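Student: Mind having a look at this structure? Questions to follow.
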Amino acid sequence: LVQFSTEARVLSPATRDRELLLGALSSLRAEGRTALGDAIAFSVEVGVNATQGGGDKEGPLPVSILLLSDGANTAGVREPLEAAALAADLGIPIFAVALGTPEGTVRIVDVLGNVETISVPPDRETLMRIAEQTGGQFFDAPTAEDLENVYLEIGSRVGYETETRDLSYLFAGQAGLLMLAGAALSAFWFNRFP
Numbered sequence: 015l016v017q018f019s020t021e022a023r024v025l026s027p028a029t030r031d032r033e034l035l036l037g038a039l040s041s042l043r044a045e046g047r048t049a050l051g052d053a054i055a056f057s058v059e060v061g062v063n064a065t066q067g068g069g070d071k072e073g074p075l076p077v078s079i080l081l082l083s084d085g086a087n088t089a090g091v092r093e094p095l096e097a098a099a100l101a102a103d104l105g106i107p108i109f110a111v112a113l114g115t116p117e118g119t120v121r122i123v124d125v126l127g128n129v130e131t132i133s134v135p136p137d138r139e140t141l142m143r144i145a146e147q148t149g150g151q152f153f154d155a156p157t158a159e160d161l162e163n164v165y166l167e168i169g170s171r172v173g174y175e176t177e178t179r180d181l182s183y184l185f186a187g188q189a190g191l192l193m194l195a196g197a198a199l200s201a202f203w204f205n206r207f208p
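Read in order, the letters of the sequence shown correspond to residues 15 to 208 in this note's numbering.
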């Protein structure tokens, strides 16, 4: 889990531990600017670490990036498409979700207490290009309901469930066939047919 505002930082390594992720998610806070390119680069690094034995006790993790953003890059060192190229080179798809509406605004309070309202329409074009460049997919989520639907769709594509199934009947069936074949061969071998 990578948080990005004025700077990008890793809040949690890639893991299957839901409790760890929920704790990291609860620490997310909206802050000033958006270091989108740096966040993508850090996410790629976290993904690479997960696939090179840096995952969890169950082994390497499958890697994809879920990017929730308005698409603006107002801070950081890397440009978003440059960072997306790193993901593309490593085969890491980015599922980019545009948050907000064209009329969206935020209120920023400076150190003197002055309040400034800034227009923050989502940059859908940049997010579309990031998703396309990496083999991921772009989603538009102007409302909470839209975002919930996006989560459901992405979860069905990148998630998996472990299912325990009883396969003993296959082995029993094969053993039965081997016994019949053995009996038939024995009958032919020792001429026991009437």
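For glycine and all other residues, C-beta sits at the position ideal for the given N, C-alpha and C.
Just so you know, these numbers come straight off a predicted model, no measurement behind them.
1) For Leu-39, which beta-bridge partners are listed by DSSP?
2) Going by C-alpha distance, which of Ser-26, Ile-132, Ala-55 is nearest Leu-42?
3) Does the distance from the CB of Val-164 to the CB of Phe-153 come in under 8 Å?
4) Under 8 Å: do the stretch 188 to 196 and the stretch 143 to 151 share three or more Cβ pairs, one atom per stretch?
5) Could I get the ranges of all uninterrupted beta strand (DSSP E) runs contained in the stretch 120 to 179, with 3 residues as the minimum, in chain order?
6) Once DSSP output is grouped into helix, strand and coil, what is the label at Arg-47?
7) Can you name the residues that DSSP bridges to Ile-108?
8) Could you tell me the alpha carbon to alpha carbon distance between Ile-122 and Arg-179, rounded to whole angstroms?
9) With H, G and I counted as helix, E and B as strand and the rest as coil, what does DSSP make of Val-24?
10) How many angstroms separate the CA atom of Asn-63 from the CA atom of Ala-89?
11) Could you give the DSSP three-state label for Phe-204: helix, strand or coil?
12) By DSSP's criteria, Leu-113 is part of a beta bridge. Which residues make up the other side?
13) May I ask you to list the residues that DSSP assigns as paired with Phe-18?
14) Once you ignore the five residues that flank Glu-21 on each side, which residues in its own chain have a CB closer than 8 Å to its CB?
15) Nearest by alpha-carbon distance to Ile-108: which of Arg-92, Asp-137, Ser-57 is it?
16) Which of the three DSSP states is assigned to Val-91 in this structure?
17) Which of the three DSSP states, helix, strand or coil, is assigned to Gly-69?
18) Are Pro-94 and Gly-114 closer than 8 Å when you measure CB to CB?
Tutor: Inspection of the coordinates gives the following:
1) Within the sequence shown, residue 39 is the residue found at index 25, counting from 1. According to DSSP, Leu-39 bridges with nothing at all.
2) Counting from one through the sequence shown, the residue named residue 42 turns up at place 28. That would be Ser-26, whose Cα lies nearest to the Cα of Leu-42.
3) Numbered from 1 along the sequence shown, position 150 holds the residue referred to as residue 164. Numbered from 1 along the sequence shown, position 139 holds the residue referred to as residue 153. Yes, they are a contact pair.
4) no
5) Runs of the beta strand (DSSP E) lying entirely within the stretch 120 to 179, each at least 3 residues long, are 129 to 133, 151 to 155 in chain order.
6) Residue numbering aside, residue 47 sits at position 33 when the sequence shown is read from its first letter. Here Arg-47 sits in coil by DSSP.
7) If you number the sequence shown from 1, residue 108 lands on position 94. Answer is Ile-79.
8) Walking along the sequence shown from the start, residue 122 turns up at place 108. Walking along the sequence shown from the start, residue 179 turns up at place 165. C-alpha separation (whole angstroms): 55 Å.
9) The sequence position of residue 24 within the sequence shown is 10, counting from 1. Here Val-24 sits in strand by DSSP.
10) In the sequence shown, the residue the question calls residue 63 occupies position 49. In the sequence shown, the residue the question calls residue 89 occupies position 75. Looking at the two C-alpha atoms, the distance is approximately 25 Å.
11) Mapped onto the sequence shown, residue 204 falls at position 190. In this structure, Phe-204 counts as coil in the three-state DSSP scheme.
12) Mapped onto the sequence shown, residue 113 falls at position 99. According to DSSP, which records beta bridges pairwise, Leu-113 is partnered with Ala-155.
13) Within the sequence shown, the letter at position 4 stands for residue 18. Ala-22.
14) The residue labelled residue 21 in the question sits at position 7 within the sequence shown. Answer for Glu-21: Ala-49, Asp-52, Ala-89, Gly-90, listed in chain order.
15) Start at 1 with the first residue of the sequence shown, and residue 108 comes out as number 94. When only C-alpha atoms are compared, the closest one is Ser-57.
16) On the sequence shown, position 77 is the one that residue 91 refers to. Looking at Val-91 - three-state DSSP - the assignment turns out to be coil, as it is neither helix nor strand.
17) Residue numbering aside, residue 69 sits at position 55 when the sequence shown is read from its first letter. The predicted position of Gly-69 is uncertain, since its pLDDT is 47 and thus under 50; a value taken from the coordinates is nonetheless stated next. Coil.
18) On the sequence shown, residue 94 is found 80 positions in, with the first residue counted as 1. On the sequence shown, residue 114 is found 100 positions in, with the first residue counted as 1. Cβ distance not < 8 Å, so Pro-94 and Gly-114 don't count as in contact.
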